[in-house]
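Here is the structure we will look at.
Put into C-alpha cells, the structure is as follows:
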C-alpha cells in the first residue's frame, strides 16, 4: 500500500527532533503489524487549505501509480485560522469549500481519510480551529469520508498543552506527535486500512 | 534551515521499517547538534533523472520560501540504470544531460549537494550504476556542486550487500540506511552546512 499524507506542518512533523512525526510513527506501527507500506509525507509548513487545493492532486498522482493500492490522508486547517494582517488567513466558509473540493475529488480517485486540525496556543486562533474542526465533521459525513476530530481529545490531554507551551505555541515535540499517532492507531477507519 | 531531499526510493527510505531512511537519520543527527532543520523528503519510488527533472523545481519552490534559508540535496540514478524492455530505462548520456540541467538550475537558486546512486543487486544494472557514479563526479566538479560517491564506499561494506540480499536486491533495511547516514554525517560538504 502506498500512502500520501497531505497537509501542513503537523503532517510534516515540525518540532519533532526525531523527524518521525505522527505520520512516521503510524506507518512504523503498521509495518510492525506486518503491512508493507510506502509513506509519502507531503506536509508543508504554513500551508492553508487553499495551498493544499492547488497541489494535492499533482503531487499525489506522481506518487500513486495506478498499478498500486494508493491511499490519501489529509490534515489541514490550523493555518487557515491563524491571524495575518488582522484577519484569519482563510475564512471558514472558504476553508469548507476547499475541503469539499479536495476531499470530493480525492475520494473519486483513492480511498481517503481526513484528520481535523489540532489545538494550538496562538492568540485567538484556537477558537476558530475548534469551530472548524466541528464544521468539518458533517461535511466529511456527507462525503462519506471518515473524519477524525483530533481537537477534542488533544484539548483534554494536559501533555498536549505542555508540549505546545514548551515549543512555539503551535507545534508539539516528539511526545505530542506520539500522542497523535496513538490516537490514529486507535481509529477504526485507519485500522480497517491496516488491521 | 529548510532542506528538500529530492530523488528516488533511496531518498524515500523504502525498505526501512522505522521510516527514517538516511534522510531522517541525517536530519535527526543535525538536530542533536543544535540545528533547527525542517526536512522535506521528496523521494519517489521508480523515479529516474527524467522524472526528477520534471518535478524538482515546482515541488521544492513550494517548500522553500525566499525568506528562509533553503537548501537542496539530490540523489538519483539507480532507476535510470535498471533494465526495462531490454534496455536501461534512461541511457547514461541522457542521465548526465538531466543531471546537468537539474543541478545547474538548482545551484542558481539554493546551495545544492548531490549524492550518487548506491550499489544494487539487480542483474547487470550495478555495472551501469558504478559507471554513472564515476561520470557524475567530474560533471558536479564542473558545476562546483559537492558530490558524494556513495557507490565506492558502500560496495566495499559487506553489510550493505547483506542488507540488499535479505531485501528485494535494491533496498537495504534500517542498518543499510544508517550506513548511508553515517557516511553523509562524515561528509565535509554536509558538515559545512550543519557543523
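Residue numbers (our numbering), protein chains in the order written: chain H, 1 to 195; chain G, 196 to 390.
All C-beta atoms, glycine included, are put in the ideal place defined by N, C-alpha and C.
Minimum Cβ-Cβ distance from residue i to chain H less than 9 Å
i, result
"residue 246/G", "yes"
"residue 295/G", "no"
"residue 304/G", "no"
Exposure label - residue i; buried when at least 16 CB within 10 Å
i, result
"residue 354/G", "exposed"
"residue 209/G", "buried"
"residue 175/G", "Outside the displayed range of chain G (196 to 390) lies residue 175/G, so it cannot be described from this structure."
"residue 242/G", "buried"
"residue 71/H", "buried"
"residue 76/H", "buried"
"residue 59/H", "buried"
"residue 360/G", "exposed"
"residue 35/H", "exposed"
"residue 284/G", "buried"
"residue 80/H", "buried"
"residue 95/H", "buried"
"residue 429/G", "There is simply no residue 429/G to check, as chain G begins at 196 and stops at 390 in what is shown."
"residue 30/H", "buried"
"residue 63/H", "buried"
"residue 365/G", "buried"
"residue 337/G", "exposed"
As assigned by DSSP and simplified to three states, the class of residue i
i, result
"residue 202/G", "strand"
"residue 55/H", "helix"
"residue 262/G", "coil"
"residue 176/H", "helix"
"residue 212/G", "coil"
"residue 236/G", "strand"
"residue 194/H", "coil"
"residue 138/H", "helix"
"residue 339/G", "coil"
"residue 226/G", "helix"
"residue 25/H", "helix"
"residue 87/H", "strand"
"residue 197/G", "strand"
Residue i: contacting residues in chain H (beta-carbon distance under 9 Å)
i, result
"residue 239/G", "40, 62, 63"
Contact set between residue i and chain G, taken where Cβ atoms lie within less than 9 Å
i, result
"residue 83/H", "None at all; the shortest Cβ gap to chain G is about 19 Å."
Beta carbon proximity, residue i to chain G, threshold 9 Å
i, result
"residue 103/H", "no"
"residue 24/H", "yes"
"residue 55/H", "yes"
"residue 32/H", "yes"
"residue 89/H", "no"
Contacts of residue i in chain H (Cβ-Cβ under 7 Å)
i, result
"residue 213/G", "28"
Listed by chain order, chain G residues near residue i by CB distance under 8 Å
i, result
"residue 185/H", "Neighbours of residue 185/H on chain G: none; closest Cβ ~14 Å, over 8 Å."
Neighbour list for residue i in chain H, Cβ cutoff strictly below 8 Å
i, result
"residue 254/G", "59"
Span of the alpha helix (DSSP H), counted from its first residue to its last, around residue i
i, result
"residue 122/H", "First-last for residue 122/H: undefined, no H or E at that position."
"residue 79/H", "78-81"
"residue 290/G", "287-304"
"residue 382/G", "First-last for residue 382/G: undefined, no H or E at that position."
"residue 151/H", "151-155"
Interface residues of chain G facing residue i [CB-CB closer than 7 Å]
i, result
"residue 14/H", "233"
Residue i beta carbon near the ligand GDP (any heavy atom closer than 8 Å)
i, result
"residue 167/H", "The ligand GDP is not part of the structure shown, which contains no ligands of any sort."
Boundaries (first-last residue) of the beta strand (DSSP E) holding residue i
i, result
"residue 357/G", "Not the beta strand (DSSP E): residue 357/G falls in the alpha helix (DSSP H), residues 353-360."
"residue 113/H", "112-115"
Chain B contact for residue i (CB, 9 Å cutoff)
i, result
"residue 197/G", "Looking for chain B here will not work: the only protein chains present are H and G."
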